[in-house]
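Numbering-wise, the sequence shown is residues -22 to -1, 1 to 177 according to mature numbering (1 follows the signal peptide of the UniProt record, and there is no 0). Ideal Cβ placement from N, Cα and C applies to all residues, glycine included. Notes for the one structure printed next.
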Amino acid sequence: MKKTLKLLFTLTLLSFSTSSFAQYGIEFNYGLNGVMEPNINGFSHFGAGITYDFDEHYGIKVDFGSDKFRTDNPLFEEKTGIDITRFSLQGTANITTLTTRASSQDFFNLIAHAGAGYSLVKSSYNAGNDNLVNIIAGLTPRFRITDGLYFTVDTSVIFNISQHYNFDGSFSYTDAVNSFTGITYNVTAGIVYKFNEYY
């Protein structure tokens, strides 16, 4: 897994350094996260990322997400659950500029993103780490505030492949290994800053 992360990081740096249309950015977001089965949600998501646009239509980003899920557990007097730390490499596509004559610097743009990466899951009361592959996809309406600065609202769905902790922190198995795909979602507000926009 460490070798995979190093490879993703190296490929990202190479992509940054080989294009003449270097437009770098940083992003931060905070908001709601949740799962549908069982029904758990709360304002405990924080995310950040580094973005790079090849042109007005396509780009990539390396991003980080931190999520906490807690629910009532009849075995304990307090809420239990899991913490998920996610790292992903994603491709981005500006749907607005691809489908209209709009510019990426206009007041409104709709960005689609999708990719994959690594997730670390920890239980609030069981020892050990669950190392997973994640797949993520989402849509980000983006609103221009001023030169280089944007406000975003993002909705994303994340699939954690081969998860071994239930969302209450318990193991998903007793005697035999039984993994599942954990599906979570984020609805967040954020800020994006572009360091060198096209003019």
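Would DSSP call Thr75 helix, strand or coil?
By 1-based counting over the sequence shown, the position of residue 75 is 97. Of the three classes helix, strand and coil, the one that applies to Thr75 here is helix, per DSSP.
Please state whether the Cβ-Cβ distance between Thr49 and Phe145 is less than 8 Å.
The residue you call residue 49 lines up with position 71 of the sequence shown. The residue you call residue 145 lines up with position 167 of the sequence shown. Against a cut-off of 8 Å, the Cβ pair of Phe145 and Thr49 comes out as a contact.
Please report the Cβ distance between Val99 and Asn138, rounded to the nearest whole angstrom; I am assuming they are in contact, meaning their Cβ atoms lie under 8 Å.
Indexing the sequence shown from 1 puts residue 99 at position 121. Indexing the sequence shown from 1 puts residue 138 at position 160. Contact flag correct, Cβ pair sits at about 7 Å.
Contact defined as beta carbons within less than 8 Å: I believe Arg64 pairs with Gly43. What is the distance between those atoms, to the nearest angstrom?
Within the sequence shown, the letter at position 86 stands for residue 64. Within the sequence shown, the letter at position 65 stands for residue 43. Correct: roughly 4 Å between the Cβ atoms.
Closest Cα partner of Ala26 within the set Phe129, Gly168, Thr162
Residue numbering aside, residue 26 sits at position 48 when the sequence shown is read from its first letter. When Phe129, Gly168, Thr162 are compared, the shortest CA-CA separation from Ala26 is found for Gly168.
Determine the closest residue to Phe86 out of Thr75, Leu76, Arg120, Val13, with distance taken between C-alpha atoms.
Counting from one through the sequence shown, the residue named residue 86 turns up at place 108. Per the Cα distances, Arg120.
Below 8 Å, how does it come out for the region 119 to 133 and the region 92 to 110: are there three or more Cβ pairs, yes or no?
No, they do not touch.
For Thr166, count neighbouring C-beta atoms within 10 Å of its own C-beta (all shown protein chains included) and say buried if the count is 16 or more, exposed if not.
One-based indexing of the sequence shown puts residue 166 at position 188. So Thr166 counts as buried.
In the structure shown, what three-state DSSP assignment does Glu34 receive?
As a position in the sequence shown, residue 34 is number 56, starting the count at 1. For Glu34, the secondary structure class from DSSP, reduced to helix, strand or coil, is coil.
Buried or exposed by the 16-neighbour rule on C-beta atoms within 10 Å, applied to Leu110
By one-based count along the sequence shown, residue 110 stands at place 132. Its Cβ being crowded by 16 or more others within 10 Å, Leu110 is buried.
My output table needs one value for Tyr103: the three-state DSSP class, helix, strand or coil.
Translated into positions along the sequence shown, residue 103 becomes position 125. Note: Tyr103 maps to coil in three-state DSSP.
Taking the beta strand (DSSP E) that Ala167 falls in, what are its first and last residues?
Translated into the one-based positions of the sequence shown, residue 167 becomes position 189. 158 to 172 is the extent of the beta strand (DSSP E) around Ala167.
Would DSSP call Gln141 helix, strand or coil?
The residue labelled residue 141 in the question sits at position 163 within the sequence shown. Residue state, collapsed to three classes: strand.
Please classify Phe54 as buried or exposed, where buried requires at least 16 other C-beta atoms within 10 Å of its C-beta.
In the sequence shown, the residue the question calls residue 54 occupies position 76. Label assigned to Phe54: exposed.
List the whole-angstrom C-beta distance separating Ile18 from Tyr143, where the pair is believed to meet the contact cut-off of C-beta under 8 Å.
Residue 18 sits at position 40 when you count from the first residue of the sequence shown. Residue 143 sits at position 165 when you count from the first residue of the sequence shown. Your pair Ile18 and Tyr143 does not check out as a contact, with CB atoms roughly 13 Å apart and the cut at 8 Å.
Might you give, ordered along the chain, the residues of its own chain that have their beta carbon closer than 6 Å to the beta carbon of Thr133, omitting 5 neighbours on each side?
Here residue 133 is taken as the residue at index 155 of the sequence shown, counted from 1. Only Gly116, Leu117, Val165 meet the Cβ criterion.
What does DSSP give as the partner residue(s) for Ser41 in the beta ladder?
Position 63 of the sequence shown, counting from 1, holds the residue named residue 41. As written in the sequence, residue 41 is Asp, which differs from the Ser given in the question. Asp41 is bridged to Gly27, Ser66.
Tyr2: which of Lys39, Asp84, Val13 sits nearest, CA to CA?
Numbered from 1 along the sequence shown, position 24 holds the residue referred to as residue 2. With distances taken between Cα atoms, Tyr2 lies closest to Lys39.
Please report the distance separating the alpha-carbon of Lys172 from that of Ser82.
The residue given as residue 172 occupies position 194 in the sequence shown. The residue given as residue 82 occupies position 104 in the sequence shown. Their Cα atoms are separated by approximately 11 Å.
Among Gly147, Ala105, Ser22, whose alpha-carbon lies nearest the alpha-carbon of Pro52?
On the sequence shown, position 74 is the one that residue 52 refers to. Minimum Cα distance to Pro52 is reached at Gly147.
On the DSSP bridge assignment, give the partners of Glu5 in chain order.
By 1-based counting over the sequence shown, the position of residue 5 is 27. For Glu5, which the question treats as bridged, DSSP gives the partners Gly27, Val170.
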